[in-house]
Amino acid sequence: MTEPPLSRRRLALVILAVAIPSLALIGLGVGLILQESQLEKTRRTEADEDTFQSLAASLERIASKQRDEVARRTVENGWSSEELELNVPIILVARVVAGELLLPWQLSGQAELFDRRIHAGQFSRALLRAERLEFTNRSASQAVRAYRTAAALARDTLQQAYAQLSLARSLEKSDLAEEADAVRHDLLALSSHFVDDFGVPLSLYAAQKLAPKSRYRDALVELLLSYGKMPLHLSPQAGYLYRAIHDTLRVVSDSPLDRVKDETVDAVMEQRLDEIGSYAQATLSSIRLQEDFRSVFPRLVSQTGEHGFTLYANDRWLLSISSDTSSPAASGTDAILVVLDAAKVVREAVDSLHLAHAEYNVTVLSSESSPPNRWLGPPFQGIYAHLANTGTFRDERGVMSRVSFIMLAMVLVIGLTTLGFFLWWRDTQRELVTAKLRSDFVSSVSHELKTPLTSIRMFAETLRFRSPPNELHDDYLDTIIHESGRLTRLLNNVLDFSQIDKGTKHYHLKPMVIQQVVFAALEAMEYPFRAQNFQVQTEIDESEIRVHADLDALEQVLLNLLTNAMKFSGDRRELLVGVRKNGDHAEVWVTDWGIGIHPDDLNQIFSSYYRGENAVKTNAPGTGLGLSLVHHTIEAHHGQIDVTSELGHGSTFTIKLPLL
Ligand code: ADP
1 MTEPPLSRRR
11 LALVILAVAI
21 PSLALIGLGV
31 GLILQESQLE
41 KTRRTEADED
51 TFQSLAASLE
61 RIASKQRDEV
71 ARRTVENGWS
81 SEELELNVPI
91 ILVARVVAGE
101 LLLPWQLSGQ
111 AELFDRRIHA
121 GQFSRALLRA
131 ERLEFTNRSA
141 SQAVRAYRTA
151 AALARDTLQQ
161 AYAQLSLARS
171 LEKSDLAEEA
181 DAVRHDLLAL
191 SSHFVDDFGV
201 PLSLYAAQKL
211 APKSRYRDAL
221 VELLLSYGKM
231 PLHLSPQAGY
241 LYRAIHDTLR
251 VVSDSPLDRV
261 KDETVDAVME
271 QRLDEIGSYA
281 QATLSSIRLQ
291 EDFRSVFPRL
301 VSQTGEHGFT
311 LYANDRWLLS
321 ISSDTSSPAA
331 SGTDAILVVL
341 DAAKVVREAV
351 DSLHLAHAEY
361 NVTVLSSESS
371 PPNRWLGPPF
381 QGIYAHLANT
391 GTFRDERGVM
401 SRVSFIMLAM
411 VLVIGLTTLG
421 FFLWWRDTQR
431 ELVTAKLRSD
441 FVSSVSHELK
451 TPLTSIRMFA
461 ETLRFRSPPN
471 ELHDDYLDTI
481 IHESGRLTRL
491 LNNVLDFSQI
501 DKGTKHYHLK
511 PMVIQQVVFA
521 ALEAMEYPFR
531 AQNFQVQTEI
541 DESEIRVHAD
551 LDALEQVLLN
561 LLTNAMKFSG
571 DRRELLVGVR
581 KNGDHAEVWV
591 TDWGIGIHPD
601 DLNQIFSSYY
611 RGENAVKTNA
621 PGTGLGLSLV
631 HHTIEAHHGQ
641 IDVTSELGHG
651 STFTIKLPLL
């Protein structure tokens with residue numbers, strides 16, 4: 001049986017009841033989720049903005065503090081850069097006078113002192129003599145002796161060192177290179193503050209001469225690195241010499257003559273030379289800064305008039321001028337310029353914010369203003385930074401759980417609505433099927449009633465108006481009796497069914513002999529059997545079998561089974577009716593050799609209104625009530641009804657009733 005198609009009205013109902021609310025709900029959910037992620041974005045942006053502002057504030061605080069601290073200490077120490085270890089990110093401390101920059105080597109005043117200190121007393125005379133012997137007389141060996149005398153007369157380290165330097169030169173000229181180198185090697189230990197009138201440390205001159213010789217390489221590297229541990233303090237000449245020595249060392253270290261090649265030693269040396277190289281570079285940058293200073297200076301005063309910050313040297317230097325002029329030694333000083341290592345200050349500032357590094361990455365300060373770089377604010381003149389939030393946002397978990405909650409709620413509501421709809425749809429479907437069965441039933445009952453009524457009327461009218469011959473007279477009356485019997489059975493079926501349906505059907509069970517009921521039924525069917533040429537065989541037990549039964553109801557059961565057997569017999573008009581005792585049961589069976597029942601129908605033929613495929617196909621008359629009545633009656637008798645059937649070969653219906 002096919003289910004009725006979904007009509008337009010029901011489709012509209014479905015849309016109204018399920019689809020529209022579900023769609024609205026999905027829309028609402030999606031809207032909520034979008035709103036939630038929008039909110040999350042806003043929160044994230046706000047958090048990033050806060051972090052950026054804190055970063056700017058922290059940068060300003062740290063840089064100003066270090067600048068002021070360094071400036072104070074420098075002034076207190078009388079501009080001696082030796083006092084400042086580079087554990088703080090200071091690159092350079094210089095003085096600004098009338099908008100000009102004075103570099104440390106100029107401030108120390110050592111270069112100006114040189115002449116006065118060399119040309120003093122007995123030492124000066126001994127030195128002049130030695131120089132005359134060396135340069136005018138060109139007598140190197142005599143000069144060697146004279147320089148030794150001068151050295152013995154030296155009253156301070158500078159005089160001593162200067163004499164030694166000249167001695168080494170003369171020794172070399174006297175072909176005493178080994179001795180010369182030994183003297184120079186001793187000079188390497190000299191502090192870089194012993195400088196000549198060009199501000200070049202005497203030790204650097206010694207280093208320059210030793211640089212091409214690889215055995216001094218390690219000592220020279222140590223020397224140059226020790227310079228790098230102090231803030232920039234070399235004069236331009238010293239800076240160039242420093243760089244030249246670095247260049248020579250690189251060539252020496254790269255030389256294939258270097259037999260012992262050790263990868264790790266090479267890597268360490270490479271790194272140290274790089275450090276030296278960048279210090280040389282920085283020294284030269286400081287000289288360039290001095291030249292540029294007039295244009296850089298305005299940027300050191302912020303828009304608000306405060307001391308500001310600016311970048312220099314490819315954004316590696318963070319420049320600032322100190323406001324600390326309170327110290328008496330600083331009087332007359334316009335300002336003190338402090339140069340900090342931009343990358344180190346940023347790192348310190350980020351650390352002080354206690355940000356998880358996984359979450360935020362700050363690119364180093366930059367003078368590049370294009371996005372994503374952002375200006376750090378008024379004290380930072382032309383300084384930009386980019387704060388990249390690389391991690392998951394703190395609130396993300398909350399957002400995720402809210403989103404999943406919304407989704408879950410949506411799925412739940414849609415699921416429930418769909419389930420509700422499904423149940424409703426299934427119910428409606430069932431009702432539709434029942435309604436169809438009922439309407440089929442009404443039309444088949446009407447049809448069933450019409451046929452016997454028509455024959456009764458026809459034969460009665462014939463008897464009344466035409467006076468048929470005597471032999472037919474009885475036949476006509478028989479037909480009328482039989483057809484009214486059929487009508488009665490049919491109406492009995494319908495009435496019984498309606499009583500069963502309402503729950504008012506009562507059975508009056510009495511002891512009786514079952515064979516009597518079977519004979520009564522066969523007798524009632526005698527006419528139709530005869531009329532349709534049916535051969536009915538019986539296998540009825542002789543001995544009386546007694547049961548408890550409602551006579552009319554049981555007879556009705558047998559009439560229904562016999563009528564069905566006739567209806568579905570097809571061309572083979574034979575029936576078998578049997579009665580026997582089987583254990584504690586009485587069995588009555590009706591067998592036909594007709595069209596049989598489709599296996600799919602076997603389970604359903606006892607349901608109300610149900611008509612099998614064979615009945616529908618063959619257009620057999622009927623209402624679909626017969627077997628459901630049989631089933632109900634037998635159950636009321638505490639019995640059982642079984643059917644065996646084979647399609648095309650016939651069926652046997654067996655009823656079993658408990659013996660009395
Ligand atoms: P109906 O009025 O259709 O006979 P019943 O309830 O008596 O209604 O029977 C239900 C169905 O069972 C029939 O429509 C038919 O398909 C099947 N059926 C009943 N008895 C037989 C039989 N003896 N042989 C074949 N099919 C039968």
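In the numbering used here, the protein residues as written are 1 to 660. C-beta: ideal position from N, C-alpha, C; glycine also. As the structure is a computational prediction, the values presented were derived from the model and not from experiment.
Practice task
Using 10 angstroms around the beta-carbon of Ala330, count the other beta-carbons present and answer buried if the total reaches 16, otherwise exposed.
Solution key: Locating residue 330 in the sequence shown gives position 330, where the first residue counts as 1. Note that Ala330 scores a pLDDT of 43, beneath 50, so its modelled location is shaky; the value from the coordinates is reported in the next line. With a 10 Å radius around the Cβ and a threshold of 16 neighbouring Cβ atoms, Ala330 comes out buried.
Exercise for the section: Would you kindly check if the distance between the Cβ of Asp115 and the Cβ of Asp197 is under 8 Å? Expected result: Here residue 197 corresponds to residue number 197 of the sequence shown, with the count starting at 1. Here residue 115 corresponds to residue number 115 of the sequence shown, with the count starting at 1. In this structure, Asp197 sits near Asp115, with a CB-CB distance shorter than 8 Å.
Practice task
Tell me whether Met512 sits in a helix, a strand or coil according to DSSP, three-state version.
Solution key: Numbered from its first residue, the sequence shown carries residue 512 at position 512. Three-state DSSP puts Met512 in a strand.
Practice task
Would you mind working out which of Thr488, Ile500, Asp592 sits nearest Thr538, comparing C-alpha positions?
Solution key: Within the sequence shown, the letter at position 538 stands for residue 538. If we check each option's Cα against that of Thr538, Asp592 comes out closest.
Practice task
May I ask you to list the residues that DSSP assigns as paired with Ser401?
Solution key: On the sequence shown, position 401 is the one that residue 401 refers to. Answer by DSSP bridge pairing: none, since Ser401 is not bridged.
Handout entry: Per DSSP, the bridge partner or partners of Trp375
Key = The count along the sequence shown starts at 1 and reaches residue 375 at position 375. Bridge partners of Trp375: Tyr384.
Problem - Boundaries of the beta strand (DSSP E) in which Ile545 is found, first to last residue - result: Along the sequence shown, one-based indexing puts residue 545 at 545. Here Ile545 belongs to no beta strand (DSSP E), and DSSP marks it neither H nor E.
Exercise for the section: Tell me the start and end of each unbroken beta strand (DSSP E) in the stretch 1 to 75 that is at least 3 residues and wholly inside, in chain order. Expected result: If we require 3 residues or more, the stretch 1 to 75 turns out to have no beta strand (DSSP E) run fully inside it.
Handout entry: Uninterrupted alpha helix (DSSP H) stretches inside the stretch 573 to 602 (no shorter than 4 residues)
Key = Counting only runs of 4 or more, we get 599 to 602.
Problem - Proximity winner among Leu463, Gly228, Ala238, Lys450, relative to Leu490 (alpha-carbon distances) - result: What you label residue 490 is simply residue 490 of the sequence shown in a count that begins at 1. Proximity to Leu490 across Leu463, Gly228, Ala238, Lys450 peaks at Lys450, based on C-alpha coordinates.
Handout entry: Leu495: CB within 7 Å of a non-hydrogen atom of ligand 1
Key = Looking up residue 495 in the sequence shown gives position 495. In this structure, the C-beta of Leu495 stays at least 7 Å away from each heavy atom of ligand 1.
Handout entry: Short CB-CB distance (under 8 Å) between Val14 and chain D
Key = Note that chain D does not occur in the displayed structure, where there is just one protein chain.
Practice task
Let me know the secondary structure DSSP gives Ser369 once reduced to three states.
Solution key: Here residue 369 refers to the residue found at position 369 when the sequence shown is read from its first residue. Coil, per DSSP.
Exercise for the section: Determine the burial state of Ser322: buried for a count of at least 16 other Cβ atoms within 10 Å of its Cβ, exposed for fewer. Expected result: By one-based count along the sequence shown, residue 322 stands at place 322. Its Cβ being crowded by 16 or more others within 10 Å, Ser322 is buried.
Exercise for the section: Look at the alpha carbon of Leu353 and the alpha carbon of Gly308, and state the distance between them as a whole number of angstroms. Expected result: Taking the first residue of the sequence shown as position 1, residue 353 is located at position 353. Taking the first residue of the sequence shown as position 1, residue 308 is located at position 308. Rounded to the nearest whole angstrom, the CA to CA distance from Leu353 to Gly308 is 21 Å.
Problem - Any non-hydrogen atom of ligand 1 within 7 Å of Ile641 CB - result: Position 641 of the sequence shown, counted from the start, is the residue given in the question as residue 641. Ile641: no, Cβ never under 7 Å from ligand 1.
Exercise for the section: Take every Cβ of the stretch 93 to 111, pair it with every Cβ of the stretch 334 to 351, and state whether three or more of those distances are shorter than 8 Å. Expected result: By the Cβ criterion, the stretch 93 to 111 is in contact with the stretch 334 to 351, since at least three pairs of Cβ atoms, one from each stretch, lie closer than 8 Å.
Exercise for the section: Go ahead and label Ser326 buried or exposed: buried means 16 or more other beta carbons lie within 10 angstroms of its beta carbon, across all protein chains shown. Expected result: Taking the sequence shown and counting its residues from 1, the one referred to as residue 326 is at position 326. At Ser326, the pLDDT of 46 sits below 50, so the modelled position is not reliable; the number obtained from the coordinates is stated separately. By the neighbour-count criterion, in which a residue is buried when 16 or more other Cβ atoms sit within 10 angstroms of its Cβ, Ser326 is exposed.
Exercise for the section: Return the CA-CA distance between Trp425 and Val433, expressed in angstroms with no decimal places. Expected result: Position 425 of the sequence shown, counted from the first residue, corresponds to residue 425. Position 433 of the sequence shown, counted from the first residue, corresponds to residue 433. Answer to the nearest angstrom: the Cα atoms are 12 Å apart.
Handout entry: Simplified DSSP state of Ser322, which is helix, strand or coil
Key = Taking the first residue of the sequence shown as 1, we reach residue 322 at position 322. Note: Ser322 maps to strand in three-state DSSP.
Problem - 7 Å CB neighbourhood of Ser22 in its chain, flanking five on each side removed - result: The residue you call residue 22 lines up with position 22 of the sequence shown. So the list reads Ile414, Thr417, once near-sequence residues are dropped.
Problem - Proximity of Ser235 and Val200 at Cβ, strictly below 8 Å - result: For the purposes of this step, residue 235 is taken as the residue at position 235 of the sequence shown. For the purposes of this step, residue 200 is taken as the residue at position 200 of the sequence shown. In this structure, Val200 lies closer than 8 Å to Ser235 by Cβ.
Exercise for the section: With a 10 Å radius around its C-beta and 16 neighbouring C-beta atoms as the bar for buried, classify Asp496 as buried or exposed. Expected result: Here residue 496 is taken as the residue at index 496 of the sequence shown, counted from 1. So Asp496 ends up on the buried side.
Handout entry: Sub-8 Å separation of Arg486 and Pro452 beta-carbons
Key = If you number the sequence shown from 1, residue 486 lands on position 486. If you number the sequence shown from 1, residue 452 lands on position 452. Their beta carbons are under 8 Å apart, which means Arg486 touches Pro452 by this criterion.
Practice task
Assign Lys656 to buried or exposed, taking buried as 16 or more other Cβ atoms, counted over all protein chains shown, within 10 Å of its Cβ.
Solution key: Counting from 1 along the sequence shown, the entry for residue 656 is found at position 656. Classified as buried, Lys656 has 16 or more neighbouring CB atoms from the shown chains inside 10 Å of its CB.
Problem - Chain-order list of residues whose beta-carbon lies under 7 Å from that of Val630 (same chain, five-residue window excluded) - result: Here residue 630 is taken as the residue at index 630 of the sequence shown, counted from 1. Excluding the 5 residues flanking it on each side, Val630 has same chain C-beta neighbours closer than 7 Å at Val557, Asn560, Leu561, Ile641, in chain order.
Problem - Residue closest to Gly31, alpha-carbon to alpha-carbon, out of Val221, Met410, Leu11, Arg72 - result: On the sequence shown, residue 31 is found 31 positions in, with the first residue counted as 1. Minimum Cα distance to Gly31 is reached at Met410.
Exercise for the section: With DSSP as the reference, label Ser327 as helix, strand or coil. Expected result: Here residue 327 corresponds to residue number 327 of the sequence shown, with the count starting at 1. Confidence at Ser327 is low in this model, with a pLDDT of 45, below 50, so its placement is unreliable and no value can be given for it.
Problem - Residue burial classification, Arg466 (beta-carbon count within 10 angstroms, cutoff 16) - result: Here residue 466 refers to the residue found at position 466 when the sequence shown is read from its first residue. So Arg466 ends up on the exposed side.
Exercise for the section: Answer with buried or exposed for Asp550, where buried requires no fewer than 16 other C-beta atoms within 10 angstroms of its C-beta. Expected result: Along the sequence shown, read from residue 1 onward, the residue named residue 550 stands at position 550. That one is buried.
Exercise for the section: Examine ligand 1 and report whether any of its heavy atoms sits within less than 7 Å of the Cβ of Asp600. Expected result: Here residue 600 is taken as the residue at index 600 of the sequence shown, counted from 1. Checking the 7 Å criterion, the Cβ of Asp600 is out of range of every heavy atom belonging to ligand 1.
Handout entry: Beta-carbon proximity check, Asp315 vs Leu365, cutoff 8 Å
Key = One-based indexing of the sequence shown puts residue 315 at position 315. One-based indexing of the sequence shown puts residue 365 at position 365. The beta carbons of Asp315 and Leu365 sit closer together than 8 Å.
Handout entry: Alpha-carbon to alpha-carbon, Phe529 and Val445
Key = As a first step, residue 445 must be located in the sequence shown, where it is residue number 445. As a first step, residue 529 must be located in the sequence shown, where it is residue number 529. Roughly 23 Å separates the two Cα atoms.
Problem - In DSSP terms, what Leu133 is bridged to - result: On the sequence shown, residue 133 is found 133 positions in, with the first residue counted as 1. Per DSSP, none; premise fails for Leu133.
Practice task
Throw me the rounded Cβ distance for the Leu249 and Ala211 pair, which I believe falls under 8 Å.
Solution key: Within the sequence shown, numbered from 1, the residue matching residue 249 stands at position 249. Within the sequence shown, numbered from 1, the residue matching residue 211 stands at position 211. The distance from the Cβ of Leu249 to that of Ala211 is about 6 Å, consistent with a contact at the 8 Å cut-off.
Handout entry: Cutoff 7 Å; reference Ala636; Cβ partners in own chain excluding five residues on either side
Key = In the sequence shown, counting from the first residue as 1, residue 636 sits at position 636. The residues are Tyr507.
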